[in-house]
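Just so we're aligned, residue 0 is where the sequence shown starts under numbering that gives the first Met the number 0, counting upward by one. For glycine and all other residues, C-beta sits at the position ideal for the given N, C-alpha and C.
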Amino acid sequence: MEDILRAAAEKIRAAKYLTAFTGAGISVESGIPPFRGPGGIWNKYDPSILDLDTFRRQPGRSWPAIREMFANLLGAAGRPAVQPNTAHRVLAKWEAEGRIQAVITQNIDGLHAAAGSRRLVEFHGHCRGVTCLECGRERPWDAATAEAEVPRCPCGGLFKPGFVFFGEGIPPAALAQAEEAARRTDCMILVGTSGVVYPAAALPMLARRGGATLIEVNPEPSDYTGKIVDLFIPLPAGDAFGRLERHVAAVRPPRG
Ligand SMILES: [Zn+2]
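Written as structure tokens, this is what we have:
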């Protein structure tokens, strides 16, 4: 394992345009409840409630699940329920050191931003607030929104959370930034992503076609492992990044 970590750290140090592509697995050690599987929100609610047409027709059906998602991620009224872990913090530190050019995340939990990442592409939107479907007015998630049965804009329009619904397109700016980063990167670290949610899942393929080295951090193999991944680190994200950072920061003894 130490050999793989050392080899990955070498690639990270040598990269000219380093990127990270993260999924739900990076936030597990922060205590984010999984959306799928036992105890997940989709065991309790039908995913169709996050379909945009359903939401427009029957917002009262969708809001109990949305409210629960906000509460899980943000606390009841905007107070953080969870904190970034070592993996989020190391990525933010690498950005501050000029080592990493972009973090592309599929997560809506806001933990990369909370850790200090600024060159951040939130591919599936975020959970910080709501936007009016009619006039575009934005408002943070606060007590008033949390308590309303169906939050509505002063214009009468429906407020929709800042994250992307099923059947909704990726925000054009996020898509353009993510594809640009994937085309330019010469080393991409995949973290805690299963590679099954498209179009996000195509980004590592795009990086690969451009000749990038791919490093994967995942406790379990994914759809990418053994196909397009050069170095596979089978560890939880926080553990892996803590150890990677020690190798990346280590000053090598002078040669000779
Ligand atoms: Zn409005």
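Inset, instruction - Flag this pair as yes or no: are the beta carbons of Val216 and Ala200 separated by less than 7 Å? - result: No.
Legend entry - Contact test: Gly156 Cβ vs ligand 1 heavy atom, cutoff 6 Å: Residue side-chain check: Gly156 places its Cβ nearer than 6 Å to a non-hydrogen atom of ligand 1.
Legend entry - Under 7 Å between C-beta atoms of Leu213 and Val228: Leu213 places its beta carbon less than 7 Å from that of Val228.
Inset, instruction - Using beta-carbon positions only, say whether Ile31 and Asp108 come within less than 7 Å of one another. - result: Yes, Cβ-Cβ distance for Ile31 and Asp108 is below 7 Å.
Legend entry - Residues of its chain near Glu167, where Cβ-Cβ distance is below 6 Å and the 5 sequence neighbours each way are ignored: For Glu167, the CB contacts under 6 Å within the same chain, skipping 5 residues up- and downstream, are Leu51 in chain order.
Legend entry - Nearest candidate by alpha-carbon position, reference Glu219, set Tyr197, Gly191, Leu202: The shortest C-alpha separation from Glu219 is found at Gly191.
Inset, instruction - Mind checking which residues open and close the alpha helix (DSSP H) that includes Phe54? - result: Per DSSP, the continuous alpha helix (DSSP H) segment holding Phe54 begins and ends at 51 to 56.
Legend entry - Strand pairing of Phe165, partner residues [DSSP]: DSSP lists Asp50 as the bridge partner or partners of Phe165.
Inset, instruction - Report the residue ranges of all alpha helix (DSSP H) runs contained in full by the segment 136 to 212; include only those spanning at least 4 residues, in chain order. - result: If we require 4 residues or more, the alpha helix (DSSP H) runs fully inside the segment 136 to 212 come out as 142 to 146, 171 to 183, 202 to 208.
Inset, instruction - Under 8 Å by Cβ, that's how I've got Pro139 and Ile65 pegged, so tell me the actual separation to the nearest angstrom. - result: Taking the Cβ atoms as the reference, Pro139 lies roughly 15 Å from Ile65, outside the contact range of under 8 Å.
Legend entry - Alpha carbon of Gly255 to alpha carbon of Val81, nearest angstrom: With a pLDDT of 47 at Gly255, under the threshold of 50, the modelled position of that residue is not reliable, and the figure given next carries that caveat. The straight-line gap separating the alpha-carbon atoms of Gly255 and Val81 is approximately 48 Å.
Legend entry - Within 7 Å, strictly: CB atoms of Pro83 and Ala114: Yes, the Cβ-Cβ distance between Pro83 and Ala114 is below 7 Å.
Legend entry - Through-space distance from Phe69 to Glu28, alpha-carbon basis: Taking the straight line joining both Cα atoms gives about 19 Å.
Legend entry - CB of Phe162 within 7 Å of CB of Pro150, strictly: No.
Legend entry - Thr18 beta carbon less than 7 Å from that of Thr104: No, the pair does not count as a contact, with Cβ atoms beyond the cut-off.
Inset, instruction - Name, in chain order, the residues that DSSP records as bridge partners for Val102. - result: DSSP, once it has assigned bridges, lists Ala19, Leu119 as partnering Val102.
Legend entry - With 16 other Cβ atoms within 10 Å as the buried cut-off, status of Gln100: Counting the other CB atoms within 10 Å of its CB gives Gln100 a total of 16 or more, which places it among the buried residues.
Legend entry - His123 versus Asn106: straight-line alpha-carbon distance, rounded: Spanning the two alpha carbons is a distance of roughly 7 Å.
Legend entry - heavy atom of ligand 1 below 6 Å from Arg55 C-beta: Flag unset: Cβ of Arg55 not near ligand 1.
Legend entry - C-beta atoms of Met187 and Ala206 nearer than 7 Å: Yes. Within cutoff.
Inset, instruction - Quick one: give me the first and last residue of the beta strand (DSSP E) that Thr130 is part of. - result: Judged by DSSP secondary structure, Thr130 falls within the beta strand (DSSP E) whose first and last residues are 124 to 131.
Inset, instruction - Determine the DSSP secondary structure at Ile232, reduced to helix, strand or coil. - result: Strand.
Legend entry - Contact under 7 Å by Cβ, Val120 with Ala177: The answer is yes: Cβ separation under 7 Å.
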